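Undergrad: Structure in structure tokens, see below.
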Amino acid sequence: MRVSVVHDEQGFISALAASPPGAPVASLVPLAGERVTELDVPEVSADGDPQEVAGRLTDVVENYRVDADTRALAPKQS
1 MRVSVVHDEQ GFISALAASP PGAPVASLVP LAGERVTELD VPEVSADGDP
51 QEVAGRLTDV VENYRVDADT RALAPKQS
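For the sequence shown, the UniProt record's numbering begins at 1 and goes up steadily by one.
Okay, structure coming up:
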């Protein structure tokens with residue numbers, strides 16, 4: 001699934017919006033000091049139960065950040 005992610009310079013995610021295949025990509029407006037990155041997150045499928053999709057997206061926000069070098073999701077360091 002295509003995901004638009006709002007994050008700070010360290011890659012910490014403050015918001016995201018998912019777009020199913022074939023749908024327009026969601027547009028988010030970042031605050032000062034934030035940026036928006038569009039990512040493919042194949043682990044999240046639009047075909048599943050809506051609660052399961054929401055749970056997987058919540059997992060992304062809680063456990064991942066955007067790597068500034070690769071512009072991809074990376075696990076948060078503990």
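Each residue gets a CB set at the ideal place from its N, CA and C atoms; glycine is no exception.
Every value quoted in this text rests on a predicted model; they were computed, and no experiment measured them.
#1: Mind checking which residues open and close the alpha helix (DSSP H) that includes THR58?
#2: Give the single residue among ASP47, LEU16 and GLY11 whose Cα lies nearest to the Cα of GLY22.
#3: What are the start and end residues of the beta strand (DSSP E) that includes SER14?
#4: Leaving out five residues before and five after LYS76 in sequence, what residues of the same chain have Cβ atoms less than 7 Å from its Cβ?
#5: Would you list the residues sitting across from VAL25 in a DSSP beta bridge?
#6: Taking a contact to mean a Cβ-Cβ separation below 8 Å, would you say VAL5 touches VAL36 in this structure?
#7: Starting from ARG35 and walking both ways along the beta strand (DSSP E), at which residues does that stretch end?
TA: If we stick to the structure as given:
#1: 50 to 63
#2: ASP47
#3: 13 to 19
#4: ASN63, TYR64 and ARG65
#5: VAL25 pairs with nothing; no bridge assigned.
#6: yes
#7: 35 to 40
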